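First up is the structure itself, then whatever we jot down about it.
In UniProt numbering, the protein residues as written are 1 to 602.
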């Protein structure tokens with residue numbers, strides 16, 4: 001929920017101890033290095049090509065149905081050999097998959113002709129068999145052409161769409177005289193193709209079994225890659241140090257809370273160091289800290305941009321506002337329950353990486369909000385609960401009441417932007433910095449008062465008063481320009497007018513939150529529509545009406561749920577990244593990247 005205070009740390013040591021010092025700093029893992037020296041140089045990996053190949057091999061080995069027992073240590077392990085065998089297996093697997101698909105397609109084309117085997121040319125006295133697949137509308141034209149050519153022919157098979165003919169001739173019939181092109185069936189019989197396809201499946205199973213067998217190398221391959229990354233990071237750190245003759249200097253940003261670790265390390269290594277606070281000319285990286293349960297909001301924020309070091313951390317606000325917006329767009333308790341079941345089933349599998357663990361918590365909160373909002377809206381797969389049930393009494397929102405839902409959406413948007421400006425005003429240090437967001441808050445409240453209280457004299461008077469106060473606050477107090485002469489007053493008024501030019505932007509941003517109402521209504525309307533279509537089919541005399549109705553429900557609600565998920569993510573994030581960030585964040589920063597040892601002992 002906060003941006004961690006950093007200190008600029010400078011360390012001096014003897015050049016002979018540089019490698020040991022950098023290894024120690026890498027083990028501490030809490031310093032973002034500042035480049036001081038020449039950073040040009042080749043990576044200290046076996047070879048750049050092998051580095052990329054090793055990562056490809058690791059991704060391939062991890063994509064396996066069942067992992068074998070992981071070897072933790074093996075003195076015979078050779079990185080190049082394992083990478084070569086894994087990538088060779090991948091190439092054979094792809095070739096085997098392509099072969100199976102090709103054989104299946106070839107066999108499907110031959111099946112209508114029957115289980116035939118082409119005779120030798122001598123058995124037909126030089127005659128050949130020519131195969132034609134003729135669409136039924138062209139059958140008559142094709143037969144007339146054959147009669148004109150006076151060639152022996154036979155209808156082998158007739159499907160609902162095509163007729164399959166075989167023509168006997170020494171030379172291929174003239175294509176200009178026939179309405180269709182000849183079918184190229186090849187010289188292999190369907191029986192031989194089936195045998196070849198069976199063998200291709202056997203070969204594929206053997207390759208896949210080898211793939212699973214190679215998965216026992218995942219840990220050791222990951223470990224060697226981590227070692228290579230550490231060597232590369234150490235090499236780059238050496239390039240970032242400054243050579244002062246017999247002394248070297250390394251400089252970086254470090255959280256103030258970790259300075260005792262540095263002091264202990266410096267004392268143990270016999271180094272000289274000092275730490276200083278960032279100056280106004282410094283541009284430190286941004287390190288955010290959030291509770292484990294809310295760190296998913298930090299992932300969302302950094303997905304779009306990293307706040308500046310002197311700005312604030314919006315992770316918690318984004319976490320809950322995104323969950324609320326997603327709920328309003330999904331707008332159905334039944335959909336929320338379905339997604340909740342899917343999340344519960346995949347909960348354990350999503351705990352393998354930190355990012356997936358963060359996301360599952362965010363998803364759980366978003367689905368809880370969606371369930372609550374769906375209950376309040378009284379929508380369960382587009383069906384309203386019976387009036388006599390408890391669920392019906394919990395319904396307080398009517399998604400089809402356009403005026404009411406528009407008011408709710410605009411109120412949510414206004415409060416969201418009031419929060420953005422309120423945070424800016426709270427963090428401001430000067431009158432002008434505080435006046436602008438306070439003035440915009442007053443204008444937003446004025447608009448709400450005029451909109452929600454349009455039929456009330458109190459609402460109109462309150463709106464006019466707040467709007468006037470907000471306009472005057474921005475016009476007169478939002479300029480940082482000093483008043484050294486009468487002309488400066490006019491310039492300050494001009495600055496205020498320039499700030500008021502954002503009024504149209506504010507209006508557009510507030511109106512942008514109407515997408516919550518529109519998308520929620522679209523999701524609910526589609527659910528109702530699919531229910532009505534399924535009901536009409538069920539009540540009709542259509543054969544298999546029950547099955548078709550169920551298919552409509554499954555496909556319709558599946559498509560609607562998918563669209564709602566996509567809309568919830570895209571627009572739930574957009575309202576935070578565009579509208580909210582535009583009014584709450586002043587500068588963009590860059591992330592804190594610690595110089596850290598990535599290989600673990602486990």
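The C-beta atom is built at its ideal place from N, Cα and C for all residues, glycine as well.
Please read all numbers here as calculations on a predicted model, not as lab measurements.
Using three-state DSSP, classify residue 592 as helix, strand or coil.
Coil.
Residue of 500, 120, 512 minimising C-alpha distance to residue 413
512
Between which two residues does the alpha helix (DSSP H) carrying residue 168 extend?
Not the alpha helix (DSSP H): residue 168 falls in the beta strand (DSSP E), residues 162-169.
Secondary structure of residue 203, DSSP reduced to three states:
helix
Touch test, the segment 204-212 against the segment 187-195, Cβ-Cβ under 8 Å, three pairs minimum
no
Inspect the beta-carbon positions of residue 365 and residue 320 and report whether they are closer than 9 Å.
Yes, they are a contact pair.
How long is the line joining the alpha carbons of residue 655 and residue 525, rounded to whole angstroms?
No statement about residue 655 is possible, as the shown extent of the chain runs from 1 to 602 and does not include it.
From residue 431 to residue 421, what distance separates their C-alpha atoms?
14 Å
Please report the Cβ distance between residue 427 and residue 583, rounded to the nearest whole angstrom; I am assuming they are in contact, meaning their Cβ atoms lie under 8 Å.
Not confirmed; about 13 Å, so no contact.
Please say whether residue 448 and residue 391 have beta carbons closer to each other than 9 Å?
no
Quick one, are the C-beta atoms of residue 568 and residue 326 less than 9 Å apart?
In this structure, residue 326 lies closer than 9 Å to residue 568 by Cβ.
Can you give the beta carbon distance from residue 238 to residue 588, rounded, assuming they're within the 8 Å contact cut?
30 Å between Cβ atoms; not a contact.
Report, in whole angstroms, the separation of the C-beta atoms of residue 439 and residue 478, which I expect to be a contact under 8 Å.
7 Å
Would you report the Cα separation of residue 605 and residue 531, rounded to the nearest angstrom?
In the structure as shown, the chain begins at 1 and stops at 602. Residue 605 is therefore absent and cannot be evaluated.
If contacts are defined as beta-carbon pairs under 8 Å, then residue 489 and residue 483 qualify, I think. What distance do you get, rounded to the angstrom?
6 Å
Could you spell out the range, first to last residue, of the beta strand (DSSP E) harbouring residue 9?
Note, residue 9: beta strand (DSSP E), 6-14.
Closer than 8 Å is the cut-off here; do at least three beta carbon pairs connect the segment 151-161 with the segment 83-92?
no
Going by beta-carbon coordinates alone, are residue 269 and residue 29 separated by less than 9 Å?
no
For residue 567, list the residues DSSP reports as bridge partners.
DSSP output for residue 567 lists no bridge partner at all.
Identify every residue that forms a DSSP beta bridge with residue 183.
131
Cut-off 8 Å between Cβ atoms - residues of its own chain near residue 61, not counting five sequence neighbours on either side
Cβ within range, chain order: 86, 211, 214, 215, 217, 218, 221.
What's the C-alpha gap between residue 352 and residue 228?
23 Å
Whole angstroms is fine: what's the gap from residue 606's alpha carbon to residue 290's?
There is simply no residue 606 to check, as the chain begins at 1 and stops at 602 in what is shown.
Using only alpha-carbon positions, find the residue among 115, 272, 356 that is nearest to residue 17.
Looking at the Cα atoms, 272 is the closest of the given residues.
Kindly give me the distance between the Cβ atoms of residue 504 and residue 329, rounded to whole angstroms, as I take these residues to be in contact under 8 Å.
Not quite, the Cβ-Cβ distance comes to about 26 Å (not below 8 Å), so this is no contact.
Just the C-alpha distance for residue 468 and residue 454, rounded to the nearest angstrom, thanks.
Rounded to whole angstroms, residue 468 to residue 454 spans 17 Å at the Cα level.
Just to confirm my understanding: we take residue 384, look at its own chain, exclude 5 residues before and 5 after, and list those with CB closer than 7 Å. What are they?
If the five residues before and after residue 384 are omitted, its C-beta is found closer than 7 Å to the C-beta atoms of 378, all from its own chain and listed in chain order.
Apart from the five residues on each side of it in sequence, which residues of its chain come closer than 8 Å, Cβ to Cβ, to residue 124?
168
On the three-pair Cβ rule with 8 Å, is the segment 367-378 touching the segment 332-351?
Touching, per the Cβ criterion.
Going along the chain, which unbroken runs of the alpha helix (DSSP H) with 4 or more residues stay wholly within the segment 210-245?
218-240
Output needed for residue 78: all residues of its chain with C-beta closer than 6 Å, excluding positions within five of it in sequence on either side, in chain order.
none
Run through the DSSP bridge pairs and tell me what residue 251 is partnered with.
10, 34
For the segment 540-548 against the segment 571-581, do three or more pairs of beta-carbon atoms, one drawn from each stretch, fall closer than 8 Å, so that the two count as touching?
no
On the CB-based measure, 16 or more other CB atoms within 10 Å of its CB, does residue 561 come out buried or exposed?
buried
For the candidate residues 509, 508, 502, 476, whose alpha-carbon lies nearest to that of residue 493?
476
Straight-line Cα distance separating residue 172 from residue 179
14 Å
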